[in-house]
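Residue numbers (our numbering): 367 to 659.
This is the structure:
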């Protein structure tokens, strides 16, 4: 079995695993390089499970021993860059506001560096091609992910028609998902703990044959199992709430990638919309760049 096949097997079996075993599986799927550099006991500690749970995971995937499981990772394995934000520990127990502020800015810079390193340019290019070529684009972003979801919706509507944010006030999510077609694309944004909506999105995508682009903190979720492409954003930081700075980076990077695929037609569309903003008074005319006709 290859490393890629094992990763796919873990994600495929994840929904049927007991909770603690699933926790171990998610950690390994997101940090495969740790399997080689840590003992089973240390790896279990990093995943917040017991060593026995790691062994149960290997057995659940039909490996005779932990050594057999670990041997798969000793072959072809490309390590993801370290999430430097792990060093940015919570600073609430440290004295001084300046320290907390410094930790926060350091964590966000680390998150951006990590996102840039772990997501290959080819994945952005393929994702943008799917989103640019789909008949319709649906954005699935709920609760705190609504922010980057709204940003992507706003930017993407400047580039093309038929872009819709799922779960709006006027339309129930179930109704929107029932209309999915194989020619559509869905962009999801989510991080742990995952909302119940991603189960519904995963089922609808699988049934409709639509393409799914997943932005997530993990490669081992209900939606990544059916995703065509997956982009990862870290959420570490000293705040009481997970950081979405890297998620915003991904949606803005996707938008510029889509523009590259659409070319001059999209540029003309942006120019037309921008002029309309000035003509309607939506943008203040004071100190504005000269309008381009």
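Virtual Cβ for every residue (Gly too), placed ideally from N, Cα, C.
All of these numbers come straight from a predicted model, not from anything done at the bench.
Once DSSP output is grouped into helix, strand and coil, what is the label at residue i?
i	result
residue 421	helix
residue 493	helix
residue 532	coil
residue 498	helix
residue 391	helix
residue 504	strand
residue 368	coil
residue 597	strand
residue 646	helix
residue 427	coil
Between which two residues does the alpha helix (DSSP H) harbouring residue i extend?
i	result
residue 699	With the chain covering 367 to 659 only, the question about residue 699 has no answer from this structure.
residue 477	463-484
residue 576	Careful: residue 576 lies outside any alpha helix (DSSP H) and carries neither H nor E.
residue 410	406-413
residue 434	432-439
residue 542	539-544
Throw me the rounded Cβ distance for the residue i and residue j pair, which I believe falls under 8 Å.
i	j	result
residue 550	residue 518	About 16 Å separates the two Cβ atoms, so there is no contact after all.
residue 514	residue 613	4 Å
residue 419	residue 386	5 Å
residue 582	residue 494	Wrong, their Cβ atoms sit about 18 Å apart, outside the cutoff.
residue 396	residue 586	7 Å
residue 531	residue 497	About 14 Å separates the two Cβ atoms, so there is no contact after all.
Could you work out which residue in the options is closest to residue i when comparing CA atoms only?
i	options	result
residue 509	414, 439 and 560	560
residue 546	405, 520, 556 and 575	575
residue 415	396, 428, 371 and 389	389
residue 404	626, 380, 610 and 439	439
Where do the N-terminal and C-terminal ends of the beta strand (DSSP E) with residue i fall, by residue?
i	result
residue 554	551-556
residue 519	From DSSP, residue 519 is part of no beta strand (DSSP E) but of the alpha helix (DSSP H) over 512-523.
### Message
Assess contact between the segment 626-642 and the segment 516-530, defined as three or more Cβ pairs (one per stretch) separated by less than 8 Å. Is contact present?
### Response
Yes, the segment 626-642 is in contact with the segment 516-530.
### Message
With three or more beta-carbon pairs closer than 8 Å as the criterion, would you say the segment 463-471 touches the segment 601-612?
### Response
yes
### Message
Contact between the segment 563-572 and the segment 480-487 is defined here as three or more beta-carbon pairs at a separation below 8 Å; is this criterion met?
### Response
The segment 563-572, when compared against the segment 480-487, does not touch it at the 8 Å Cβ threshold.
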